[in-house]
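Below: the structure, in structure tokens.
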Amino acid sequence: MSETVISVENLSKKYVLGKNGTSEGLRHAVQNFVTAPLRWLKPQSNHGEPGKNGSHSAHKKSANDFWALKDVSFELRQGEVLGVIGRNGAGKSTLLKILSRITEQTEGRVEITGRVASLLEVGTGFHPELTGRENIFLNGAILGMSRLEIRQKFDAMVAFAEVERFLDTPVKRYSSGMYVRLAFAVAAHLEPEILIIDEVLAVGDAQFQKKCLGKMQEVSKGGRTVIFVSHNMGTVTSLCSRALWMAQGRVHRTGPVREVINDYLSKGMASDYKTISLKEIARPSFVHDDRLRLENIEWLCNVPLQHGEPAEALITFSTTGPVEGVSVGIGFSTVEGTRLLSYDTDYQTGHRSDFSKAGSYSVKLAIESLPLGPAMYSLDIGCRSGDSHALDYLPAVVQVEVIPGPTTPGSIVRQDAGVRCQSRCTWD
Amino acid sequence: MGNAQTTKLILDPGRAAKNYWLDLFRYRELFLILAWRDVLVRYKQTAAGAAWALLQPLMSILIMTVVFGMLAGLPSPHNTPYAIMVCAAMLPWQFFSNALSLASQSVVSNASLISKIYFPRMIVPVSSIVVSLVDFLVACSILVGLMIWYHFWPTWRMLVLPPLVLLAVVAALGPGLIITALTVRYRDFRMIIPFIIQFGMYVCPVGMSSDFIHDKLIAKLGSVLGEKFFMLYSLNPMVGVIDGFRWAILGNASVFYWPGFILSAILTLVLLWVGIRFFRNTERAFADII
Numbered sequence: 004m005s006e007t008v009i010s011v012e013n014l015s016k017k018y019v020l021g022k023n024g025t026s027e028g029l030r031h032a033v034q035n036f037v038t039a040p041l042r043w044l045k046p047q048s049n050h051g052e053p054g055k056n057g058s059h060s061a062h063k064k065s066a067n068d069f070w071a072l073k074d075v076s077f078e079l080r081q082g083e084v085l086g087v088i089g090r091n092g093a094g095k096s097t098l099l100k101i102l103s104r105i106t107e108q109t110e111g112r113v114e115i116t117g118r119v120a121s122l123l124e125v126g127t128g129f130h131p132e133l134t135g136r137e138n139i140f141l142n143g144a145i146l147g148m149s150r151l152e153i154r155q156k157f158d159a160m161v162a163f164a165e166v167e168r169f170l171d172t173p174v175k176r177y178s179s180g181m182y183v184r185l186a187f188a189v190a191a192h193l194e195p196e197i198l199i200i201d202e203v204l205a206v207g208d209a210q211f212q213k214k215c216l217g218k219m220q221e222v223s224k225g226g227r228t229v230i231f232v233s234h235n236m237g238t239v240t241s242l243c244s245r246a247l248w249m250a251q252g253r254v255h256r257t258g259p260v261r262e263v264i265n266d267y268l269s270k271g272m273a274s275d276y277k278t279i280s281l282k283e284i285a286r287p288s289f290v291h292d293d294r295l296r297l298e299n300i301e302w303l304c305n306v307p308l309q310h311g312e313p314a315e316a317l318i319t320f321s322t323t324g325p326v327e328g329v330s331v332g333i334g335f336s337t338v339e340g341t342r343l344l345s346y347d348t349d350y351q352t353g354h355r356s357d358f359s360k361a362g363s364y365s366v367k368l369a370i371e372s373l374p375l376g377p378a379m380y381s382l383d384i385g386c387r388s389g390d391s392h393a394l395d396y397l398p399a400v401v402q403v404e405v406i407p408g409p410t411t412p413g414s415i416v417r418q419d420a421g422v423r424c425q426s427r428c429t430w431d
Numbered sequence: 004m005g006n007a008q009t010t011k012l013i014l015d016p017g018r019a020a021k022n023y024w025l026d027l028f029r030y031r032e033l034f035l036i037l038a039w040r041d042v043l044v045r046y047k048q049t050a051a052g053a054a055w056a057l058l059q060p061l062m063s064i065l066i067m068t069v070v071f072g073m074l075a076g077l078p079s080p081h082n083t084p085y086a087i088m089v090c091a092a093m094l095p096w097q098f099f100s101n102a103l104s105l106a107s108q109s110v111v112s113n114a115s116l117i118s119k120i121y122f123p124r125m126i127v128p129v130s131s132i133v134v135s136l137v138d139f140l141v142a143c144s145i146l147v148g149l150m151i152w153y154h155f156w157p158t159w160r161m162l163v164l165p166p167l168v169l170l171a172v173v174a175a176l177g178p179g180l181i182i183t184a185l186t187v188r189y190r191d192f193r194m195i196i197p198f199i200i201q202f203g204m205y206v207c208p209v210g211m212s213s214d215f216i217h218d219k220l221i222a223k224l225g226s227v228l229g230e231k232f233f234m235l236y237s238l239n240p241m242v243g244v245i246d247g248f249r250w251a252i253l254g255n256a257s258v259f260y261w262p263g264f265i266l267s268a269i270l271t272l273v274l275l276w277v278g279i280r281f282f283r284n285t286e287r288a289f290a291d292i293i
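Chains L and S, in that order, are what the protein sequence lines are.
Remember, our numbering sits 3 above the position in the first sequence when you count from 1.
Remember, our numbering sits 3 above the position in the second sequence when you count from 1.
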């Protein structure tokens, strides 16, 4: 068994609400400072006893106290990749901040063996006035690389970011894509023993995301110990071996990644992403007919969708007058735009609906077993009248994540867009 | 960063800073690169560029020379050119005031770094002092120019300048750290700094010589009380630095007031100690309160 490299015991972090330093008043601060050497003379209390080793104000109980973390304990062994999941405000970022020494815990103890690098943001410290070349050195140093190390990896970084031609241009003139690529390129060449990452993959275009993911997989397979916070369940499943589910500052559950994520998805997910409003989105110019407008698409099943599991969606639309021969269609494309899977109401049956008056209508799509492999897909949705008259059309309206389901074979757990099916579906 | 393969890091509340100085040493590359960034960025997208490091002190020297030397007709010891006397004080003073104002802004303007990455926070204000030091070195060419213009030849005393520059750095560092830490918590200090700097220009013997102030105090208050007040006046760390500069640059034309210099050097060290302690006490919470 490999050795424990990170051990966290009863970690707690308290914030006092509605009170930043200022309201304590200058007088209090001055007084505090004057008496500081006196406090310092007192013997230090033992570690590991909650309540005793906090600052003096930790003893006072207050309704304004907010525990961002409370009694979090876990251990991580060499080479393990831990995915930290949970809703916003569950304490994930606070945990990472303490582990990367940015902020200090109120109580508890952390032991870390090895060189740590943390990546809480892509491009930390990038300076807009400096050139790409200068920023590589700056950012590298900020992430903890030595100058020698950066020089050795410089060419690889530049090639990875695909910015060769713009190396001597200030990054403020970069497109946001180039900026992010350069930033990630530096981060990707970091080689610490322990890597702490917060949601950094949520950047860049789809193709670059894929490249980043590949790099991350390389890192996680290379025996590096990684702590990874993400809302992207597919990424967590494919990268991590263990998962830590946090809720309200505490560890809700920890265990093998599949088990924890399945549990999380069935109980823990908010319905935030479930309904996608289509009303405000601009239509392509070839949609001239305004008699029918798609309004919402709502998932009636768990999101993210799971490969091999049933999926249900309710599509609502409104008409402003009589429309005949209407069919509704929904399509899944790769994020690069290749259509993989389409469902149409008139497929095989040829059944189209006539609407005689203005009103709101809905149609439900039930997919018996979603054939899409675990990856990100973009969703196209449209309505037509007859064979070719577009009533409304929304290409790539939203990205949909598909994660491995219980029946997904281990061989395709990797992020790999594609249809893997033995599928039937019904519309009603 | 650490080269040792098995560096064990223990995080305990209130004890995180155990090997702080070692950490500071480990992060020396980051320090150098931040200082390099600050120097590089300082005059980016300005038309005059680094000439600003010359223009500002040059204009101030000109004004002081005209107002105090020519209009008010204040004396310059042993008839050294008034401009050189002002220059010898203006250079360290500008260094000090730049360092103070840059340092006070430094942590706040690097907020995104502070809240995203760990490093000993002291690097940030210290690197802004390096920027002021670079400006200072550039501005030293004014002094060289003036000395050539007035055919004023340096003496061996110029060799004392490097340690005096060091003293000026220390004098800026102590108050700089205090003000930096205070600015993180109370942004009020952003408003206070320009005032302190303006005020300090008149409290320090920039536009006139310390001898002149000494003589005035004696004349107004009598020799006993006057000496006492002059001692009090010498407590100001920058008085020691400026008088030292004058002594070194003006050569035999300047007398040296040892008790005042020692006093202000001691106070400088005390301020440094207080500054470091105060900064270290506050920096652990920087990410939370910034």
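Glycine included, each C-beta is placed from N, C-alpha and C at the ideal position.
In this structure, how does DSSP classify Lys360/L when only helix, strand and coil are distinguished?
Counted from its first residue, the first sequence places residue 360/L at position 357. Coil at Lys360/L, not helix or strand.
For Val405/L, which beta-bridge partners are listed by DSSP?
Stepping through the first sequence from its first residue, residue 405/L is reached at position 402. According to DSSP, Val405/L bridges with Leu308/L and Ala378/L.
Please list, in chain order, the residues of the region 107-129 of chain L that have any C-beta partner in chain S closer than 8 Å.
From the region 107-129 of chain L, only Glu107, Gln108, Thr109, Glu110, Gly111, Arg112, Val113, Glu114, Ile115, Thr116, Gly117, Arg118, Val119, Ser121, Leu123, Glu124, Thr127 and Gly128 have a Cβ closer than 8 Å to chain S.
Pull up the CB-CB distance for Ile279/L and Leu297/L, whole angstroms please, since I reckon it's below 8 Å.
Working through the first sequence from its first residue, we reach residue 279/L at position 276. Working through the first sequence from its first residue, we reach residue 297/L at position 294. Not confirmed; about 10 Å, so no contact.
Do you know whose CA, among Gly385/L, Val11/L and Ser391/L, lies nearest Val401/L's CA?
Position 398 of the first sequence, counted from the start, is the residue given in the question as residue 401/L. Considering only alpha carbons, the answer is Gly385/L.
Are the CB atoms of Thr127/L and Lys223/S nearer to each other than 8 Å?
Taking the first sequence and counting its residues from 1, one reaches residue 127/L at position 124. Taking the second sequence and counting its residues from 1, one reaches residue 223/S at position 220. In this structure, Lys223/S does not lie closer than 8 Å to Thr127/L by Cβ.
Going by C-alpha distance, which of Thr410/L, Gly408/L and Leu375/L is nearest Thr420/L?
Here residue 420/L is taken as the residue at index 417 of the first sequence, counted from 1. The sequence shown places Ala at residue 420/L, not Thr. The shortest Cα separation from Ala420/L among Thr410/L, Gly408/L and Leu375/L belongs to Leu375/L.
Rounded to whole angstroms, what's the CA-CA distance from Ala56/S to Leu103/S? Just pull it up for me.
Locating residue 56/S in the second sequence gives position 53, counting from the first residue. Locating residue 103/S in the second sequence gives position 100, counting from the first residue. About 16 Å.
Quick one: grab the DSSP three-state call for Ser244/L.
What you label residue 244/L is simply residue 241 of the first sequence in a count that begins at 1. Reduced to three states, the DSSP call for Ser244/L is coil.
Output the distance between the C-alpha atoms of Met272/L and Asn101/S, rounded to the nearest integer angstrom.
On the first sequence, position 269 is the one that residue 272/L refers to. On the second sequence, position 98 is the one that residue 101/S refers to. With a pLDDT of only 49 at Met272/L, under the threshold of 50, the placement of this residue in the model should not be trusted; the figure read from the coordinates follows. Distance between the alpha carbons of Met272/L and Asn101/S: 53 Å.
So is Lys156/L in contact with chain S if we call contact Cβ pairs under 8 Å?
By 1-based counting over the first sequence, the position of residue 156/L is 153. False, the Cβ-Cβ gap to chain S never drops below 8 Å.
State the DSSP-derived secondary structure class of Met249/L, mapped to helix, strand or coil.
In the first sequence, the residue the question calls residue 249/L occupies position 246. If DSSP states are grouped into helix, strand and coil, Met249/L belongs with the strands.
Decide if the region 144-154 of chain L is in contact with the region 83-96 of chain L; the criterion is three or more beta carbon pairs, one per stretch, under 8 Å apart.
No contact exists between the region 144-154 of chain L and the region 83-96 of chain L.
Go through its chain and collect everything with a Cβ distance to Thr116/L's Cβ below 7 Å, but skip five positions before and after it.
Taking the first sequence and counting its residues from 1, one reaches residue 116/L at position 113. Result list for Thr116/L: Val8, in chain order.
Quick one: what's Ser280/L bridged to in DSSP?
In the first sequence, the residue the question calls residue 280/L occupies position 277. Bridge partners of Ser280/L: Asn299/L.
Which of the three DSSP states is assigned to Ile117/S in this structure?
The sequence position of residue 117/S within the second sequence is 114, counting from 1. Three-state DSSP puts Ile117/S in a helix.
Hey, how far is the Cα of Ile13/S from the Cα of Phe320/L?
To locate residue 13/S, count along the second sequence from 1; it is residue 10. To locate residue 320/L, count along the first sequence from 1; it is residue 317. Each residue's alpha carbon lies about 59 Å from the other.
Once DSSP output is grouped into helix, strand and coil, what is the label at Phe155/S?
Taking the second sequence and counting its residues from 1, one reaches residue 155/S at position 152. Phe155/S falls in the coil class under three-state DSSP.
Among the residues of its own chain, which have a CB less than 7 Å from the CB of Gly389/L, if the five just before and after it don't count?
Against the first sequence, residue 389/L aligns to sequence position 386. Closer than 7 Å at Cβ, skipping near neighbours: Gly328.
Would you grab the beta carbon distance between Ser130/S and Asp26/S for me? Rounded to a whole angstrom, and I think it's under 8 Å.
As a working mapping, residue 130/S is identified with position 127 in the second sequence. As a working mapping, residue 26/S is identified with position 23 in the second sequence. Not really, about 16 Å apart at Cβ, beyond 8 Å.
Is it true that the region 66-74 of chain S meets the region 219-237 of chain S, where meeting means three or more beta-carbon pairs spaced less than 8 Å apart?
The region 66-74 of chain S is not in contact with the region 219-237 of chain S.
Quick one, which of Thr352/L, Phe77/L, Ser5/L and Arg104/L has its alpha-carbon nearest Pro123/S's?
One-based indexing of the second sequence puts residue 123/S at position 120. That would be Arg104/L, whose Cα lies nearest to the Cα of Pro123/S.
When you compare the CB positions of Leu72/L and Thr97/L, do they come within less than 8 Å of one another, or not?
As a first step, residue 72/L is located in the first sequence; it is residue number 69 there, counting from the start. As a first step, residue 97/L is located in the first sequence; it is residue number 94 there, counting from the start. Closer than 8 Å, so yes.
On the three-state DSSP scale, how would you describe His255/L?
The count along the first sequence starts at 1 and reaches residue 255/L at position 252. His255/L falls in the strand class under three-state DSSP.
So which residues of chain S does Glu194/L contact, with C-beta pairs closer than 8 Å?
For this step, residue 194/L is matched to residue 191 along the first sequence. Near Glu194/L there are no residues of chain S at all, since even the closest Cβ is about 11 Å away, more than 8 Å.
I'd like the span of the alpha helix (DSSP H) that includes Ala191/L, first residue to last.
Position 188 of the first sequence, counted from the first residue, corresponds to residue 191/L. Unbroken alpha helix (DSSP H) run through Ala191/L: Ser179 to Ala191.
Using a Cβ-Cβ cutoff of less than 6 Å, which residues in the same chain neighbour Pro407/L once the five nearest sequence positions on both sides are dropped?
Translated into the one-based positions of the first sequence, residue 407/L becomes position 404. Counting only Cβ-Cβ distances below 6 Å, and skipping sequence neighbours, we find Thr240, His310, Pro377 and Val416.
Within the 8 Å Cβ cut-off, does Leu99/L reach chain S?
As a first step, residue 99/L must be located in the first sequence, where it is residue number 96. No, Leu99/L lies away from the interface with chain S (no Cβ there is under 8 Å from its Cβ).
To be precise: take each residue of the region 126-145 of chain S, compare its Cβ to all Cβ atoms of chain L, and keep it if any distance is under 7 Å. Which residues remain?
Here the close residues number zero.
Who pairs with Lys11/S in a beta bridge, going by DSSP?
Counting from one through the second sequence, the residue named residue 11/S turns up at place 8. According to DSSP, Lys11/S bridges with Thr116/L.
Closest by CA to Val245/L, which one among Arg261/L, His234/L and Asn235/L?
In the first sequence, the residue the question calls residue 245/L occupies position 242. Per the sequence shown, the amino acid found at residue 245/L is Arg instead of Val. It is Arg261/L whose Cα lies nearest to the Cα of Arg245/L.
Using the three-state DSSP reduction, which class does Pro398/L fall into: helix, strand or coil?
One-based indexing of the first sequence puts residue 398/L at position 395. Looking at Pro398/L - three-state DSSP - the assignment turns out to be strand.
Is it buried or exposed, Asn82/S, if we count other Cβ atoms within 10 angstroms and call 16 or more buried?
The residue labelled residue 82/S in the question sits at position 79 within the second sequence. When all chains shown are included, Asn82/S counts as exposed.
Give the straight-line distance between the Cα atoms of Ala171/S and Pro84/S, rounded to the nearest whole angstrom.
Counted from its first residue, the second sequence places residue 171/S at position 168. Counted from its first residue, the second sequence places residue 84/S at position 81. Rounded to the nearest angstrom, the two C-alpha atoms are 24 Å apart.
Hey, is Phe140/L's beta-carbon within less than 8 Å of any beta-carbon in chain S?
Locating residue 140/L in the first sequence gives position 137, where the first residue counts as 1. For Phe140/L, the answer is yes, since a Cβ of chain S falls inside 8 Å of its Cβ.
Report the neighbours of Ser109/S on chain L: residues whose CB is nearer than 7 Å to its CB, in chain order.
As a first step, residue 109/S must be located in the second sequence, where it is residue number 106. Correct list: empty, because the minimum Cβ distance to chain L is about 13 Å.
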